[in-house]
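Residue numbers (UniProt numbering): 1 to 241.
Every residue gets a Cβ at the ideal spot worked out from N, C-alpha and C, and that includes glycine.
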């Protein structure tokens, strides 16, 4: 017989999923972790809520979905892993690409919280997109390349970073902070933790490669080359709602 407390926690979690405020999301994260403690019985319930939200209702994925997916991915139960793979073989974010780029590796690194490796791969992928759209072989971006990057691909990269960082990281997160700083770059660098005592942080040791970092800290871009590439990314049509 199903534990009454488990049923109640599950109902509480379901009841909060339509609420978007941060307090409700934090409660959802706590309830998800508590439900995981029931073992396979709780894990199947969490898979069912992901299925209902993302496959049946087609809700937009948020970082609570990403956190639940990660909890289930780390389960020691073989039956849970199999059920999760059958339902979400490519994760909870559709890995869309206008140019046939495979974002599976980026998804895997982010779910494993290997943020430094994910950051390096992100830079590689952005260059790859530019190489395809502009027909060059450079291993870096010019600001003039950015306008040609496909909306779909930038959104996929951004969503992966957001969903697997509890909403802390991603290009769109950085853009919001930049706008809130009145597009003042010095204020922006300070807010996202790219400067220390008014000096540019040294790569990689002075950057923070976990979710204790300031919001918008990742992915990184080379400040020494100026702000034009990042400004072009922030002005890209991908972020127009």
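DSSP places residue 64 in the uninterrupted alpha helix (DSSP H) bounded by 63 to 73. Residue state for residue 120 is assigned as helix, using DSSP reduced to three classes.
When only Cα atoms are considered, residue 133 and residue 149 end up about 7 Å apart.
With respect to the C-alpha of residue 238, the residue from 146, 75 and 120 having the closest C-alpha is 146. In the DSSP assignment, the residues bridged to residue 195 are 200. Only buried fits residue 215, as 16 or more other CB atoms lie within 10 angstroms of its CB. Non-local C-beta neighbours of residue 219 in its own chain, meaning closer than 6 Å and more than five positions away in sequence, comprise 119 and 122, ordered along the chain.
The C-beta of residue 62 has 16 or more other C-beta atoms within 10 Å across all chains shown, which makes the residue buried. Separation of residue 168 and residue 174 (C-alpha to C-alpha, rounded to the nearest whole angstrom) is 9 Å. Residue 16 and residue 38 have their C-alpha atoms some 20 Å from each other. Using a C-beta cut-off of 8 Å, the stretch 176 to 196 makes contact with the stretch 220 to 238, since at least three inter-stretch Cβ pairs fall below that distance.
Annotated three-state conformation of residue 52 is helix, per DSSP. In this structure, DSSP gives residue 239 a helical state, which the three-state scheme calls helix. In this structure residue 200 is exposed. Its beta-carbon is surrounded by fewer than 16 other beta-carbon atoms within 10 angstroms.
Going by DSSP, residue 10 is part of the alpha helix (DSSP H) stretching over 4 to 16.
Secondary structure remark: continuous alpha helix (DSSP H) runs of at least 4 residues inside the UniProt domain "GUN4-like" (97 to 237), in chain order: 104 to 111, 115 to 134, 143 to 146, 151 to 163, 171 to 180, 185 to 192 and 228 to 234. Residue burial is scored here from C-beta neighbours: residue 19 has fewer than 16 other C-beta atoms within 10 angstroms and is therefore classed as exposed. The Cβ atoms of residue 64 and residue 28 sit closer than 7 Å to each other.
Rounded to the nearest angstrom, the Cβ distance from residue 6 to residue 43 is 11 Å, too far for a contact under 8 Å. Rounded to whole angstroms, the Cβ separation of residue 66 and residue 164 is 5 Å, and the two are in contact under 8 Å.
Scanning its chain for C-beta atoms nearer than 6 Å, with the 5 sequence neighbours on each side dropped, one finds around residue 130 the residues 141 and 145, in chain order. Distance check between residue 236 and each of 226, 172 and 50 places 172 closest, using alpha-carbon atoms only.
No Cβ-Cβ contact shorter than 7 Å links residue 8 with residue 93.
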